[in-house]
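Chemist:
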Ligand code: NZQ
Ligand code: ZN
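In the working numbering, the protein residues as written are 5 to 387.
1) Kindly indicate which three-state DSSP category residue 62 falls into: helix, strand or coil?
2) Name, in chain order, the residues that DSSP records as bridge partners for residue 15.
3) Helix, strand or coil, according to DSSP, for residue 29 in the structure here?
4) Just to confirm the assignment, what range does the beta strand (DSSP E) spanning residue 38 have?
5) For the beta strand (DSSP E) that contains residue 159, what are its first and last residues?
6) Under the three-state reduction of DSSP, which class applies to residue 122: helix, strand or coil?
7) Looking only at C-alpha atoms, which of 307, 119, 107 and 179 sits nearest to residue 196?
8) Closest to residue 278 by CA distance: which of 39, 13, 72 and 44 is it?
9) The beta strand (DSSP E) spanning residue 250 covers which residue range?
10) Can you tell which of 133, 132, 236 and 380 has the C-alpha that lies nearest to the C-alpha of residue 185?
11) Can you confirm whether the stretch 45 to 58 touches the stretch 282 to 299 when touching is taken to mean that 3 or more C-beta pairs between the two stretches lie within less than 8 Å?
12) Following a CB-centred definition, is residue 141 positioned closer than 8 Å to any heavy atom of the ligand ZN?
13) At what residue ranges does the stretch 86 to 135 contain a whole run of the beta strand (DSSP E), taking only runs of 3 or more?
14) Do you know how far the Cα of residue 93 is from the Cα of residue 136?
15) Provide the residue(s) that pair with residue 373 in DSSP beta bridges, ordered along the chain.
16) Note down, in chain order, each residue of its chain lying with its Cβ closer than 8 Å to the Cβ of residue 6, except the 5 sequence neighbours on either side.
17) Can you find a heavy atom of the ligand NZQ that lies under 8 Å from the Cβ of residue 232?
18) Under 8 Å: does the beta carbon of residue 287 sit that close to some heavy atom of the ligand FAD?
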């Protein structure tokens, strides 16, 4: 085990914490509030943010779409540059926060912002950013990553830089009250897969802290899914919000192997067919685990025992994958792609072509998921 670990985002957790923004953003800052399609206008979050900023100089940029595009966010970049904005407050889900991460980085770069996603420009500075989270799922509110789409080419790519890590994040579970069921379920699934990407890998010497905490977080999500009828309850909401945050805030990924193949293949499903991020993961992961079962067997067995409380046996890894599928199905989340709009052969071919074009020809913790393995996975994932 060898790692450098830190998480510099201050978390302001609990009901009423949006008011704390007032003291967290220095009074002299010129603030740009960035948000999405308007959910914050109808659920009172916008009004709370406006009240907290009443003594600040601020303006707004709205219309960030789910799976944010550089085409939209470049308009925010222009505002930041032209208006001399020196603090950005992202108010929304992962898309708004990711879009804002791109905007604060691109605002300090004179070239084409897409260079950040293709690795041509390495982000070392950004306008300071903070977040008010309204959808627990991605962990973007306290990590250094973001995923942006270039709509023109249907390309969805990630980037990361400590410079875009939010300075603080408000996590008020009351903001979740207006979430549609679909998004609540997406949150459970996305957080689940984040933990899996860091935990269901080829077992080496065993990292007791990272593994043990991963298992706690996975069991939390199972419990919340089982108690789904209690979703309109303060405790349920708080526990989902904090669990989803912890899933991707750095600790369980420190010093351990990381997979991310499910995410990279899933991103292509979103870019090509508009599948919700979390749902794209549920469509890929079971087939991917069956494809990589020998490399992941020991960890799947550990998960079967410690998370699902399954009986031991030579087929424990196989039964663990079935239990993961049952978890998704219990939430009415599909584990196969059924609506690509074209036949199966064409769909698999199109996804593979995009994986290749985006440099995703070897994936997984062992780089063992070549395009040929991705093809086998997709043949099982596409109905
Ligand atoms: O745009 P508005 O009107 O706000 O509506 C949103 C959107 O339609 C709505 N919503 C959010 N909060 C709400 C609400 N509706 C009612 N009440 C509320 N409180 O929910 C819809 C989806 O929002 P979105 O932000 O797209 O969802 P999510 O948080 O799942 O973010 C998904 C994006 O994050 C990326 C994904 O790829 C995808 O682009 N990811 C980012 C990661 C990161 N930065 O670490 C990691 C993840 O793996 C993921 O890839
Ligand atoms: Zn995700």
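The beta carbon of each residue, even a glycine, is placed where N, CA and C say it ideally should be.
Modeler: Let's see:
1) strand
2) 173
3) Assignment of residue 29 by DSSP, reduced to helix, strand and coil, places it in the coil class.
4) 34 to 39
5) 159 to 164
6) Here residue 122 sits in coil by DSSP.
7) 307
8) The residue with the shortest Cα to Cα distance from residue 278 is 72.
9) For residue 250, no beta strand (DSSP E) run applies; the uninterrupted alpha helix (DSSP H) run containing it begins and ends at 238 to 251, by DSSP.
10) 236
11) no
12) yes
13) 91 to 96
14) 7 Å
15) 367
16) 259
17) no
18) With respect to the ligand FAD, the structure offers nothing, as its ligand set consists of the ligand NZQ and the ligand ZN.
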